[in-house]
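In my numbering, the protein residues as written are 1407 to 1519.
Take a look at the structure:
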């Protein structure tokens, strides 16, 4: 279930990013994008926490702490990288460039036993 939740939330994040790129046509797209992104971010964060505690049942502190650390590091690195990309290529191209890795991550799956 967690794999489907993560895949679905990544798809929603990609959709939200691309919808934000379309917000130059209507402000409504911007509000829809913000709501969708927020809901998907909360859903994916919860899935990562559940997966972390399942992977490390003997160390639930690490199972909760490591996903939060990864999210914080991603936000810390992602904001200035997006700003640089936006300055170099414009808003729409930067949004498409940042949506692509999230889209590709949908298809990354660990091998199951």
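Yeah, the Cβ is synthetic: ideal placement off N, Cα and C, and Gly gets one too. All figures in this text were calculated on a predicted structure; none of them were measured in a lab.
Look at residue i and residue j and say whether their C-beta atoms are less than 8 Å apart.
| i | j | result |
| --- | --- | --- |
| residue 1412 | residue 1453 | yes |
| residue 1475 | residue 1458 | no |
| residue 1502 | residue 1488 | no |
Decide if residue i is buried, meaning its Cβ has at least 16 other Cβ atoms within 10 Å, or exposed.
| i | result |
| --- | --- |
| residue 1490 | exposed |
| residue 1466 | exposed |
| residue 1463 | exposed |
| residue 1508 | buried |
| residue 1450 | buried |
How close, in whole Å, do the beta carbons of residue i and residue j come, if the pair is a contact with beta carbons under 8 Å?
| i | j | result |
| --- | --- | --- |
| residue 1426 | residue 1436 | 6 Å |
| residue 1500 | residue 1492 | 4 Å |
| residue 1446 | residue 1415 | 5 Å |
| residue 1408 | residue 1456 | 6 Å |
Return no unless some Cβ of chain B is closer than 8 Å to the Cβ of residue i.
| i | result |
| --- | --- |
| residue 1481 | Among the chains of the structure shown, chain B does not appear; only one protein chain is present. |
For the ligand SAM, is there any heavy atom lying closer than 7 Å to the beta carbon of residue i?
| i | result |
| --- | --- |
| residue 1433 | The ligand SAM is not part of the structure shown, which contains no ligands of any sort. |
Touching by the beta-carbon criterion (3+ pairs, under 8 Å), the segment 1415-1422 and the segment 1498-1513 = yes
Return the chain-ordered ranges of every alpha helix (DSSP H) run that is complete within the segment 1449-1507 and spans a minimum of 4 residues.
-> 1466-1495
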